[in-house]
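Chains as they are written, first to last, in my numbering: chain A, 12 to 84; chain B, 9 to 475.
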Amino acid sequence: MRIVVDLNRCQGYAQCVFLAHEVFRLSGEETLTYDPNPDDARRLQVERAAAACPVQAILIDRLEGAQPRSVTS
Amino acid sequence: MTVPARVAELVRDFKANGRIVIVGASLAGLRAAEALREEGFSGPLTIIGDEPHEPYDRPPLSKQVLKGWVPADHTELPRLRELDAQWRLGVAATGLDRTAKQVLLADGERVPYDRLLIATGTRARQWPNPTEAALAGVYTLRSRDDAARLRQALAAGPSRVLVIGGGFIGCEVASVCRELDIPVTLVERGSAPLVGALGGVIGEIAAQMQRDHGVDLRCEVGVLSLEGDASGHVRRARLSDGTTVEADVVLASLGSIRNVEWLEGSGLAAGFWGVGCDAGGRAFDINGVVTDSVYVAGDVARAPHVLYEYQFLAMEHWDNAVLGAQVAAHNMVSLEPDYRPHLLLPGFWSGQFGVNIKSVGVPPFGDEIVFTQGSAKQRRFAAAYGRRGRIVAAVTFNNGKWLEYYGRMIEQSAAFPPPLPGWDRPDDMKPIAADFPEPGVPTATSDVVLTGHDPNQRTAEFRPRGR
Ligand SMILES: Cc1cc2nc3c(=O)[nH]c(=O)nc-3n(C[C@H](O)[C@H](O)[C@H](O)COP(=O)(O)OP(=O)(O)OC[C@H]3O[C@@H](n4cnc5c(N)ncnc54)[C@H](O)[C@@H]3O)c2cc1C
Ligand code: SF4
Numbered sequence: 012m013r014i015v016v017d018l019n020r021c022q023g024y025a026q027c028v029f030l031a032h033e034v035f036r037l038s039g040e041e042t043l044t045y046d047p048n049p050d051d052a053r054r055l056q057v058e059r060a061a062a063a064c065p066v067q068a069i070l071i072d073r074l075e076g077a078q079p080r081s082v083t084s
Numbered sequence: 009m010t011v012p013a014r015v016a017e018l019v020r021d022f023k024a025n026g027r028i029v030i031v032g033a034s035l036a037g038l039r040a041a042e043a044l045r046e047e048g049f050s051g052p053l054t055i056i057g058d059e060p061h062e063p064y065d066r067p068p069l070s071k072q073v074l075k076g077w078v079p080a081d082h083t084e085l086p087r088l089r090e091l092d093a094q095w096r097l098g099v100a101a102t103g104l105d106r107t108a109k110q111v112l113l114a115d116g117e118r119v120p121y122d123r124l125l126i127a128t129g130t131r132a133r134q135w136p137n138p139t140e141a142a143l144a145g146v147y148t149l150r151s152r153d154d155a156a157r158l159r160q161a162l163a164a165g166p167s168r169v170l171v172i173g174g175g176f177i178g179c180e181v182a183s184v185c186r187e188l189d190i191p192v193t194l195v196e197r198g199s200a201p202l203v204g205a206l207g208g209v210i211g212e213i214a215a216q217m218q219r220d221h222g223v224d225l226r227c228e229v230g231v232l233s234l235e236g237d238a239s240g241h242v243r244r245a246r247l248s249d250g251t252t253v254e255a256d257v258v259l260a261s262l263g264s265i266r267n268v269e270w271l272e273g274s275g276l277a278a279g280f281w282g283v284g285c286d287a288g289g290r291a292f293d294i295n296g297v298v299t300d301s302v303y304v305a306g307d308v309a310r311a312p313h314v315l316y317e318y319q320f321l322a323m324e325h326w327d328n329a330v331l332g333a334q335v336a337a338h339n340m341v342s343l344e345p346d347y348r349p350h351l352l353l354p355g356f357w358s359g360q361f362g363v364n365i366k367s368v369g370v371p372p373f374g375d376e377i378v379f380t381q382g383s384a385k386q387r388r389f390a391a392a393y394g395r396r397g398r399i400v401a402a403v404t405f406n407n408g409k410w411l412e413y414y415g416r417m418i419e420q421s422a423a424f425p426p427p428l429p430g431w432d433r434p435d436d437m438k439p440i441a442a443d444f445p446e447p448g449v450p451t452a453t454s455d456v457v458l459t460g461h462d463p464n465q466r467t468a469e470f471r472p473r474g475r
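Structure (structure tokens):
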């Protein structure tokens with residue numbers, strides 16, 4: 012799956028880290044880092060983390076499973 | 009039919025049958041495409057990108073990717089909705105014919121459009137000496153392939169990494185090197201790292217931070233030349249102070265170049281600082297006349313900003329690409345009474361040496377700075393930038409939660425020093441000179457640039473670095 016965190020919005024309170032620590036990590040006191048393409052098996056965890064984020068900074072792929080291959084060249 | 013009804017009919021017809029082409033398949037291009045569909049545009053949509061990859065996110069490249077936590081190809085951007093677009097990846101746009109309304113591709117094809125979005129961003133400035141730049145071990149960092157190569161070089165355990173240029177990317181790479189316990193030298197021609205973006209006062213704090221983490225930091229020094237061994241691998245750099253640095257990995261982080269060459273001859277206001285457009289994303293032609301069918305978004309755009317005396321502002325920031333793309337997309341399928349302005353307050357984040365650096369507004373627009381909260385010594389503070397008695401920007405180190413407050417103050421053009429949110433005040437609250445380099449002084453250029461009033465003007469002077 013694919014995610015992106017809007018780090019301008021993120022406040023570094025780390026709720027996501029508690030809920031999905033394989034995907035989100037704090038580096039230092041408030042610098043969030045994360046895996047932008049976590050394993051699909053973590054979808055539920057990541058969705059919970061996104062729902063818990065107080066500033067809704069975590070955006071998740073709206074498309075389930077594999078991406079449509081629309082590449083034409 | 010009444011005139012308003014006919015106009016509404018035209019908009020409906022365009023949304024159903026118009027042809028939209030986006031050049032640049034990265035953050036701005038993808039978000040614009042999504043926004044167009046969100047706005048109800050159902051006509052043919054073509055996205056042209058010269059990279060062979062689907063749109064991916066660049067900020068992780070100098071952070072979690074280089075550290076080795078996330079592979080470079082695990083940075084693809086999420087799709088926020090179904091797109092139903094024709095993707096032309098791995099082929100560059102090489103020209104624009106505004107009379108025929110066609111984009112020319114490298115493979116000879118011509119793609120017709122009714123509305124065009126230019127989102128070609130920037131690329132890394134290469135080390136200016138081509139022979140030296142071609143040495144093995146010399147890198148730049150902009151694309152995911154760049155990141156994969158540099159990561160591989162770091163994983164091999166180099167004896168020393170030399171970072172040339174102390175902008176955000178250079179500093180982040182130096183930070184990663186230290187986390188990986190790799191010796192690193194950072195050379196910056198200005199007085200301190202980040203001095204172009206945040207000024208000398210904050211630059212000094214960043215410098216101390218680097219030295220505390222074991223970075224061999226050399227400021228007010230230039231790299232004169234790079235030298236390789238017999239096998240063509242870089243081995244050392246000669247500096248302007250007569251010293252040499254032995255390094256087997258060199259990162260040239262010399263800022264970026266806007267991808268506007270393909271627009272040559274198109275008659276658009278495209279140049280060194282990007283493509284001039286109005287605050288709604290509509291491109292200007294070279295005479296300063298706004299076009300109706302060509303739009304611009306992201307790193308390659310420069311638009312007048314009401315908060316900064318209507319000077320043209322060029323922003324190489326993630327949120328500028330996202331929000332600029334959404335505004336341009338909206339305006340592409342709307343008529344005048346519904347136009348929206350892209351009046352984003354610039355915002356930026358950077359993680360380095362365990363500190364979360366965030367800023368809002370345009371720091372180089374200010375000439376004074378005052379520490380408003382926390383303590384610079386503990387590297388947890390907020391500081392505000394002022395110009396002529398009003399607040400124009402703020403920066404926080406590990407104090408990001410306060411940034412929103414300062415953002416509001418800037419939007420309201422509050423007085424400088426600004427009223428404070430209450431607690432955690434530093435002892436000394438006297439504004440001091442923010443200490444930005446004079447225009448024309450060579451340093452890492454800031455990634456937010458005020459480029460003057462004229463669509464084609466550039467007030468800041470550029471000099472090639474490193475020679
Ligand atoms: C290593 C790194 C770290 C960063 N960290 C941060 C950060 O921490 N915070 C932050 O706010 N911002 C950061 N940024 C900046 C952010 O990534 C950019 O602002 C953002 O990528 C801009 O998106 P864009 O779509 O406008 O341009 P780009 O991402 O540059 O995309 C332009 C695309 O167009 C393609 N293209 C160019 N010319 C042509 C052509 N003629 N034909 C077809 N395609 C073409 C390019 O190859 C590219 O794929 C970072 C950037 C880098 C490189
Ligand atoms: S929960 Fe949201 S705000 Fe908190 S660290 Fe995670 S992304 Fe940032």
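All C-beta atoms, glycine included, are put in the ideal place defined by N, C-alpha and C. Fair warning: this is a prediction, and the values are worked out from it, not measured in the lab.
Reference residue i, options the options, closest by Cα
i, options, result
"A277 of chain B", "B:A309, B:E412, B:G145 and B:G394", "B:A309"
"G284 of chain B", "B:I377, B:L321, B:F373 and B:R106", "B:L321"
"A93 of chain B", "B:F292, B:I30 and B:P67", "B:I30"
"P425 of chain B", "B:A255, B:A401, B:A127 and B:L53", "B:A401"
"T252 of chain B", "B:S233, B:N267 and B:A238", "B:S233"
"F22 of chain B", "B:G37, B:L35 and B:F49", "B:F49"
"T83 of chain B", "A:C27, A:T44, A:R59 and A:C64", "A:T44"
"V268 of chain B", "B:S239, B:L125, B:P63 and B:L38", "B:L125"
"P60 of chain B", "B:R96, B:Q319, B:L247 and B:R150", "B:R96"
"V330 of chain B", "B:A390, B:R14, B:W270 and B:R66", "B:R66"
"L143 of chain B", "B:A101, B:A245 and B:K409", "B:A245"
"E140 of chain B", "B:S358, B:D237 and B:Y413", "B:D237"
"G359 of chain B", "A:N19, A:V15, A:V66 and A:I14", "A:N19"
"L69 of chain B", "A:I69, A:P47 and A:L70", "A:P47"
"L247 of chain B", "B:S261, B:G208, B:V231 and B:A40", "B:V231"
"G175 of chain B", "B:L188, B:G145, B:A156 and B:I210", "B:I210"
"G263 of chain B", "B:V119, B:R131, B:A442 and B:A441", "B:R131"
"T459 of chain B", "B:L428, B:M437, B:E317 and B:D224", "B:E317"
"V370 of chain B", "B:R150, B:A100, B:G382 and B:I399", "B:I399"
Three-state secondary structure (DSSP) of residue i
i, result
"A255 of chain B", "coil"
"S239 of chain B", "coil"
"A108 of chain B", "coil"
"Y303 of chain B", "strand"
"P67 of chain B", "helix"
"F292 of chain B", "strand"
"F8 of chain A", "There is simply no residue 8 of chain A to check, as chain A begins at 12 and stops at 84 in what is shown."
"R39 of chain B", "helix"
"Q72 of chain B", "helix"
"F35 of chain A", "strand"
"A2 of chain B", "Past the edges of chain B, shown from 9 to 475, lies residue 2 of chain B, and the structure says nothing about it."
"G415 of chain B", "helix"
"G273 of chain B", "coil"
"A384 of chain B", "coil"
"R133 of chain B", "coil"
"W95 of chain B", "strand"
"V82 of chain A", "Because V82 of chain A sits at a pLDDT of 44, beneath the cut-off of 50, its placement in the model cannot be relied upon, and the following sentence gives the value as read from the coordinates. Strand, per DSSP."
Sub-8 Å separation of residue i and residue j beta-carbons
i, j, result
"A336 of chain B", "A287 of chain B", "no"
"G98 of chain B", "D58 of chain B", "yes"
"V184 of chain B", "V171 of chain B", "no"
"G32 of chain B", "A114 of chain B", "no"
"V378 of chain B", "F405 of chain B", "no"
"R87 of chain B", "G51 of chain B", "no"
"A31 of chain A", "V57 of chain A", "yes"
"G204 of chain B", "P434 of chain B", "no"
"R186 of chain B", "E254 of chain B", "no"
Identified DSSP bridge partners for residue i
i, result
"G369 of chain B", "B:A401"
"T83 of chain B", "Answer by DSSP bridge pairing: none, since T83 of chain B is not bridged."
"G3 of chain B", "Beyond the ends of chain B as shown, which are 9 and 475, falls residue 3 of chain B; an answer cannot be given."
"W77 of chain B", "In DSSP, W77 of chain B forms no bridge with anything."
"E376 of chain B", "B:G394 and B:A441"
"F49 of chain B", "Note: F49 of chain B sits in no beta bridge, so no partner."
"A260 of chain B", "B:I172"
"F389 of chain B", "B:G382 and B:F405"
### Task
Only counting runs of 4 or more residues, tell me where the alpha helix (DSSP H) segments fall wholly within the region 160 to 191 of chain B, in order along the chain.
Whole alpha helix (DSSP H) segments, 4+ residues: 176 to 187.
### Any beta strand (DSSP E) of 3 or more consecutive residues that is wholly inside the region 311 to 365 of chain B
Annotation: the region 311 to 365 of chain B contains the following complete segments of the beta strand (DSSP E) (minimum length 3 residues), in chain order: 320 to 323 and 355 to 360.
### Message
Threshold first: 4 residues or longer. Then list the alpha helix (DSSP H) segments lying entirely within the region 190 to 238 of chain B, N to C.
### Response
DSSP runs (the alpha helix (DSSP H)) wholly in the region 190 to 238 of chain B: 203 to 220.
### Query
Quick one: complete alpha helix (DSSP H) runs, 4+ long, within the region 38 to 77 of chain A?
Secondary structure within the region 38 to 77 of chain A: the alpha helix (DSSP H) runs of 4 or more consecutive residues, fully enclosed, are 54 to 63 (chain order).
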